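In our numbering, the protein residues as written are 737 to 934. First up is the structure itself, then whatever we jot down about it.
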Amino acid sequence: YVLDSTTLTYRLVKDSLDIPWEIIWGPDDYIWCTERFGRVSRIDPISGQQNVLLDLSSDVYEQSESGMLGMVLHPDFSSNPHVFIAYTYLSGSNIRERLVRFNYTGTSLVAADTLVENIIGNTTHIGSRLIILPDNTLLMTTGDAQNQSLPQNISSPVGKILRMNLDGSIPADNPDPTSLVWSFGHRNAQGLWRAPNG
């Protein structure tokens, strides 16, 4: 491919992934990815070898857009090998969404803390992307769960960008210091990025 005067080349690293939703270049120079049915892997970018770190397929509920979604690694991963993952699950017959912090052991991910759960979900419009800001707070997007009134309801986490400390607590400088809600009125934010200028 040629883009302006730059020629881009490509090669196949790994195929046969099942709907990879989050793809991260890790600090270990491996590719980390979620697959929506409930799996997290590290992939060697040279050999393409896939090492499964976590299989939550028995807990994750996947249908249409729902399933294992956003993932982010702690910015100081060597000292704090934490991985944050958002996914949908069933509570009775209801779809819900949760955010869990996992610990990386070097070979697998072990659940440590559930930071947020019981967010109303659906088969579509459930977000969810995660990023960690320079102040070590985490942003999580949620969709409207096909309910157009909930994003405007400040007491609901649906259709919001949530901001929390890395232990799930509410930052004191949130717009409302008693709420995780950082911004509201969102339909289905499936992308989230912090520009280099902040």
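For glycine and all other residues, C-beta sits at the position ideal for the given N, C-alpha and C. Nothing here was measured: the structure is a model prediction, and the numbers come from that model.
* As assigned by DSSP and simplified to three states, the class of GLN786 -> Correct three-state label for GLN786: strand.
* Asked: Which residue from THR873, LEU928, ASN889 puts its Cα closest to that of ILE906?
  -> Comparing Cα-Cα distances from ILE906 to each of THR873, LEU928, ASN889, the minimum goes to THR873.
* Considering ASP849, what are the terminal residues of the beta strand (DSSP E) in which it resides? -> 845–856
* **Length of the line joining the Cα atoms of ALA847 and VAL819** => 9 Å
* To do: For my contact list, VAL852 and LEU898 are in at a C-beta cut-off of 8 Å; report their separation, rounded to the angstrom.
  => 7 Å
* Can you give, in chain order, each stretch of the beta strand (DSSP E) that sits fully within the segment 881–926 and has at least 3 residues? -> 896–901, 917–920
* **Separation of LEU845 from ILE862, as counted between CA atoms** => 24 Å
* To do: Determine, using beta carbons only, whether LEU805 and THR770 come nearer to each other than 8 Å.
  => yes
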